[in-house]
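K.L.:
To convert, count from 1 in the sequence shown and add 693; that's the numbering used here. Idealized CB from N, CA, C, for every residue including glycine.
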Amino acid sequence: ITSGASILHFFPKRNVVRTYDWRHGLSGEVFKSIFLLGGRGTRASDGKIYLATTGGLIVFHPDSLVENKYVPPIAITDFLIQNLSVPVKGSDGDTLVWETPLAQGITHTKEIEISHAQNNFSLEFAALNFVSPEGNRYKYRLEPYETEWIETNAANRIARYTNISPGKYTFRVIGSNDDEVWNEEGVTLSITITPPWWRTAWAYVAYGLIFLAGVWRVHVFQKERTIRHEREKFKEEELEKAKEIDQLKTSFFTNISHEFRTPLTLIKGPIQEIIDQIGNNRNEIDRRKISDRLKLVQHNSDHLLRLINQLLDLAKIESGSKAIVKSKEDINPLFKAIVSSFHSLADQKNISIQTDLPLAHYEALFDKDKLETILINLINNAIKFTPQGGSVTVIARLNINPDILTLIVKDTGIGIPEDQQSKIFERFHKVSETHKDVGTGIGLALVNEIVNLLGGFISVKSKFGEGSEFQVVLPIESIQEVRQVFESEEIVISYQSTDTGNGQPTTDHKLQQGNESKPQILVVEDHRDLRAFIIDCLGDEFHFLEAENGKHGLEVAIHEIPDLIISDVMMPEMDGIAMTSKIKSDVHTSHIPLILLTAKSTEDSKLKGLEKGADDYLTKPFNKHELLLKVRNAINRQLKLRERLRAELMSLVPKMEVLSGDEKFLNDVKSGILKRISDEQLSVESLAEDIGLSRSQLYRKIIALTGLSVTELIRKLRMQKAAQLLEQKWGPIAQVAYEVGISNLSYFSKIFKEEFGVLPSIYPVNQDKLRDATNVS
């Protein structure tokens, strides 16, 4: 095949093409066919090929073309750094400013080492084939820097590399002759590029040491910072703990003051009453009443003394001056005597007390006073938090060798939340979520301190809403059986009291249904004796309702609508402040005057109660005369308000100034009546439904605010409207009667005359008399 300045020899079976040109003896630059055989060269019968060129006629036989099968050796002929040939060390050409890495000629060098600064280098190579050397071909790569062979020819026999990273490399080059007979083994050169000093092994060791030193320093810094943080946290925790202790102490002293003020009130009040009775009735002294009052004084003096003794016991134990005084006692009589002392308290709450004591009597050596204190506090605590109808069980177990007394007090009370069971023995701590500010928070703390002092331990098991079980284990000495008791001495004491059906005991002061001649007062106080004393102080001029806490008090107030409420502040279930807020925000009870009676005498406490709507405040211990005057004044103010509201209600002219809640309620009632005044079916039931109250609630509210029944109020407003229509000559009397919802004319005339003193037929002539009658009504 002719092609330009060359001849191509194609072997179809091997798919090989060999090229011949001027280097193989051809002359002329361009082949031109001069034959007439289709413009092509020709092959003679002897096999020779004739081709015409500009340089003459070419004649050859294909069999005369012999393939060059020589495998040429490959050699690296030069090594350059930064485009400068590297001389052999010590030779005449060794004039470079840097030290040459070649110890001998590059052709005989198998390994070479250069620095990181010499990483721009080149390698020149050659195939030692001198038959048409221009046709030699090459492939090279720098492993592992290059993974693919790079092909080149005789015109470009050099490999250039720039910025090669430090490391070990192998430069490999292979080549072929002009007939592409390859030397596959080629030649290799190992090249090592040394790293800079900062990337040497020693440098990395130094880096590692520096890093470790840094880590250690960071660790030390973090540790120091953690220590500082822990110190600061500890200081903050100590500060918070101090604040918490201060708050607990403040709460404790508030609660203990409440505990003190209640018995003080029940001491001071009866004494004042006795003094008044002696001063006013020197010849007629009610000895029985004085005896009852003195018993109340004695009971509350004992209670006050017990509280003070608990505080003193805690102080003595804390200072280490509380000594253990042991004596030999019979356990059974001691326990029975302690349990029996709670009979009256259990009777008040309708609670049964059960005891489970050893059948045999035993004497043992122990501290009687401290054991009494433990048992009294646990039983008192159990009764305090057990609702009516519940039970308390006291169990004692003796174990000989070792000598141990196990004391268990179980109740069916309200229980203790699991998250607070670990805190109940802490001083001043109270389970406020459950016990609602009842008690001082020192009873269980005192028990825990005494148990620890005696070398025992105390534990509690409780389930919220199902009751609690306190277990005390105490070491005792010299247990000796005194006598054998063959019959069980288990004592089961059950107390029953009359119940009204709403959870309250019946009292002589309970308002009798249908008796409305006396004002009705609701007394809300959790202390039974104090509640009874307040009622006794106010005397016979009132009827009384009772409630033992704010929740029950709110229910009684809504159901009964009393004329006045007297309430303590600190109570279980719901305190007096919360009850006041609910009563004053409820349309059924918002009009009821409310006096708060409390041990909290601070200005903030008073302001908080007054902000919630309380009408007055009285601090324990109170003077019974002051309480009576405040009650009378509040009732009188309510009566005057009732008269004013009644007069305004009877006026058909709407009131424009800002209205109170009670005035707004009456205006709503009045509007509801006037809207349906022509409806003959208007009744108390339908009006109550329109207003959104029950019939009884509407009745009590209207009576409390106006002194009128709902029926009387509807009738009066109908007559007022009828009078207005007659005065305006709106229409005939029958039409006026129909307009105000009355279809019976004779009945209309009758009640009109009862209201205004004249018949409707002559009403416009007697307007002056009407006004007089209206003012009187």
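Using 8 Å as the cut-off, can you tell me whether the region 1443-1457 makes contact with the region 1377-1395, which would need three or more C-beta pairs spanning the two stretches below that distance?
P.N.:
No, the region 1443-1457 is not in contact with the region 1377-1395.
K.L.:
Less than 8 Å between the CB atoms is what I'm expecting for S1152 and Q1164, so what's the real figure, rounded?
P.N.:
By 1-based counting over the sequence shown, the position of residue 1152 is 459. By 1-based counting over the sequence shown, the position of residue 1164 is 471. Yes, S1152 and Q1164 are in contact; Cβ-Cβ is about 5 Å, under 8 Å.
K.L.:
Are at least three pairs of beta-carbons, each pair with one atom in the region 889-904 and one in the region 823-838, less than 8 Å apart?
P.N.:
Output reads no: the region 823-838 does not touch the region 889-904.
K.L.:
Decide if L750 is buried, meaning its Cβ has at least 16 other Cβ atoms within 10 Å, or exposed.
P.N.:
Here residue 750 is taken as the residue at index 57 of the sequence shown, counted from 1. Result: exposed.
K.L.:
According to DSSP, is V781 helix, strand or coil?
P.N.:
Position 88 of the sequence shown, counting from 1, holds the residue named residue 781. Note: V781 maps to strand in three-state DSSP.
K.L.:
Name the two residues that bound the continuous beta strand (DSSP E) containing I884.
P.N.:
Walking along the sequence shown from the start, residue 884 turns up at place 191. Note, I884: beta strand (DSSP E), 875-887.
K.L.:
So which of D739, K1414, G1365 has the shortest CA-CA distance to L1391?
P.N.:
Position 698 of the sequence shown holds residue 1391. Nearest option by C-alpha distance: G1365.
K.L.:
Please identify the residue among R986, A1089, K1333 whose C-alpha is closest to the C-alpha of F1028.
P.N.:
Your numbering for residue 1028 matches position 335 in the sequence shown. Per the Cα distances, A1089.
K.L.:
For Q1177, which of helix, strand or coil comes out of DSSP?
P.N.:
Position 484 of the sequence shown, counted from the first residue, corresponds to residue 1177. Because Q1177 sits at a pLDDT of 43, beneath the cut-off of 50, its placement in the model cannot be relied upon, and the following sentence gives the value as read from the coordinates. Three-state result, Q1177: coil.
K.L.:
In three-state terms, what does DSSP make of K1021?
P.N.:
Translated into the one-based positions of the sequence shown, residue 1021 becomes position 328. In the structure shown, K1021 sits in a strand (DSSP, three-state: E or B).
K.L.:
Based on the DSSP secondary-structure assignment, which residues constitute the bridge partners of E844?
P.N.:
Against the sequence shown, residue 844 aligns to sequence position 151. E844 pairs with K832.
K.L.:
Roughly how many whole angstroms lie between the Cα atoms of W1423 and L1401?
P.N.:
On the sequence shown, position 730 is the one that residue 1423 refers to. On the sequence shown, position 708 is the one that residue 1401 refers to. Going by the C-alpha atoms only, they are around 29 Å apart.
K.L.:
Going by beta-carbon coordinates alone, are Y1393 and I1254 separated by less than 9 Å?
P.N.:
Residue mapping note: residue 1393 aligns to position 700 of the sequence shown, counting from 1. Residue mapping note: residue 1254 aligns to position 561 of the sequence shown, counting from 1. It should be noted that the sequence gives Arg, not Tyr, for residue 1393. Result yes, Cβ atoms of R1393 and I1254 sit closer than 9 Å.
K.L.:
Does the beta carbon of D1219 sit closer than 9 Å to a beta carbon anywhere in chain D?
P.N.:
The structure shown contains no chain D; it is built from a single protein chain.
K.L.:
Can you tell me whether L1452 is buried or exposed, with buried defined as 16 or more other CB within 10 angstroms of its CB?
P.N.:
Stepping through the sequence shown from its first residue, residue 1452 is reached at position 759. L1452 comes out exposed.
K.L.:
Give the range of the alpha helix (DSSP H) segment to which S1037 is assigned.
P.N.:
Locating residue 1037 in the sequence shown gives position 344, where the first residue counts as 1. Where S1037 is concerned, the enclosing alpha helix (DSSP H) stretches over 1036-1042.
K.L.:
Hey, how far is the Cα of V1262 from the Cα of K1301?
P.N.:
The residue given as residue 1262 occupies position 569 in the sequence shown. The residue given as residue 1301 occupies position 608 in the sequence shown. V1262 and K1301: Cα-Cα distance of roughly 11 Å.
K.L.:
Among F814, D872, K1061, G860, whose alpha-carbon lies nearest the alpha-carbon of I851?
P.N.:
The count along the sequence shown starts at 1 and reaches residue 851 at position 158. Among F814, D872, K1061, G860, the Cα nearest to that of I851 belongs to F814.
K.L.:
Could I get the ranges of all uninterrupted beta strand (DSSP E) runs contained in the region 1378-1429, with 3 residues as the minimum, in chain order?
P.N.:
The region 1378-1429 contains no whole beta strand (DSSP E) run of 3 or more residues.
K.L.:
Using the rule of at least 16 other Cβ atoms within 10 Å of the residue's Cβ for burial, across every protein chain shown, is F1237 buried or exposed?
P.N.:
To locate residue 1237, count along the sequence shown from 1; it is residue 544. Its Cβ being crowded by 16 or more others within 10 Å, F1237 is buried.
K.L.:
Around the C-beta of V1032, are 16 or more other C-beta atoms found within 10 angstroms, so that it is buried, or is it exposed?
P.N.:
Counted from its first residue, the sequence shown places residue 1032 at position 339. The residue in question, V1032, is buried, as its Cβ has 16 or more Cβ neighbours within 10 Å.
K.L.:
Can you list, in chain order, the residues of its chain with a C-beta nearer than 7 Å to that of E806? Leave out the 5 residues immediately preceding and following it.
P.N.:
Residue numbering aside, residue 806 sits at position 113 when the sequence shown is read from its first letter. Cβ within range, chain order: P794, T885, T887.
K.L.:
When we look at the beta-carbon of V759 and count the other beta-carbons within 10 Å, is it buried (16 or more) or exposed?
P.N.:
The sequence position of residue 759 within the sequence shown is 66, counting from 1. Classification for V759: exposed.
K.L.:
Is it true that the region 831-839 meets the region 865-878, where meeting means three or more beta-carbon pairs spaced less than 8 Å apart?
P.N.:
The region 831-839, when compared against the region 865-878, does touch it at the 8 Å Cβ threshold.
K.L.:
Tell me the DSSP secondary structure of P1198 in three-state form.
P.N.:
Sequence index remark: in the sequence shown, residue 1198 carries index 505 (1-based). Its pLDDT being 36, under 50, P1198 is placed unreliably by the model, and nothing is read from it.
K.L.:
List the endpoints of the continuous alpha helix (DSSP H) containing N1070.
P.N.:
In the sequence shown, counting from the first residue as 1, residue 1070 sits at position 377. Its alpha helix (DSSP H) spans residues 1061-1077.
K.L.:
On a Cα-Cα basis, can you pick out the residue from Y1440, Q1331, A745, W895 that is closest to I1396?
P.N.:
For this step, residue 1396 is matched to residue 703 along the sequence shown. Checked all of Y1440, Q1331, A745, W895; the closest Cα to I1396 is Q1331.
K.L.:
Leaving out five residues before and five after I960 in sequence, what residues of the same chain have Cβ atoms less than 7 Å from its Cβ?
P.N.:
Along the sequence shown, read from residue 1 onward, the residue named residue 960 stands at position 267. Cβ within range, chain order: V990, N993, S994.
K.L.:
Quick one: Cα of V1166 to Cα of T1079, how far?
P.N.:
The residue you call residue 1166 lines up with position 473 of the sequence shown. The residue you call residue 1079 lines up with position 386 of the sequence shown. Computed Cα separation, rounded: 24 Å.
K.L.:
Let's test the definition: count the other Cβ atoms within 10 Å of the Cβ of H922 and tell me whether it reaches 16, buried, or not, exposed.
P.N.:
If you number the sequence shown from 1, residue 922 lands on position 229. H922 comes out exposed.
K.L.:
Bridge partners of D1309, per DSSP?
P.N.:
For the purposes of this step, residue 1309 is identified with residue 616 of the sequence shown, where counting begins at 1. In the DSSP output, where bridge partners are listed per residue, D1309 has I1288.
K.L.:
Return the CA-CA distance between A894 and R711, expressed in angstroms with no decimal places.
P.N.:
Within the sequence shown, the letter at position 201 stands for residue 894. Within the sequence shown, the letter at position 18 stands for residue 711. Taking the straight line from one Cα to the other gives about 55 Å.
K.L.:
Taking the CB atoms as reference points, tell me whether S1283 and M1272 lie closer together than 9 Å.
P.N.:
The count along the sequence shown starts at 1 and reaches residue 1283 at position 590. The count along the sequence shown starts at 1 and reaches residue 1272 at position 579. Going by C-beta atoms, S1283 is not nearer than 9 Å to M1272.
K.L.:
Helix, strand or coil for Y743, going by three-state DSSP, please let me know.
P.N.:
Counting from 1 along the sequence shown, the entry for residue 743 is found at position 50. Y743: strand per DSSP, three-state reduction.
K.L.:
Between I1017 and Y1055, is the Cβ-Cβ spacing less than 9 Å?
P.N.:
Residue mapping note: residue 1017 aligns to position 324 of the sequence shown, counting from 1. Residue mapping note: residue 1055 aligns to position 362 of the sequence shown, counting from 1. Not a contact, by the Cβ cut-off of 9 Å.
K.L.:
Which whole runs of the alpha helix (DSSP H) in the region 1237-1274 are 4 residues long or more, in chain order?
P.N.:
Listed in chain order, the complete alpha helix (DSSP H) runs (minimum 4 residues) inside the region 1237-1274 are 1243-1253.
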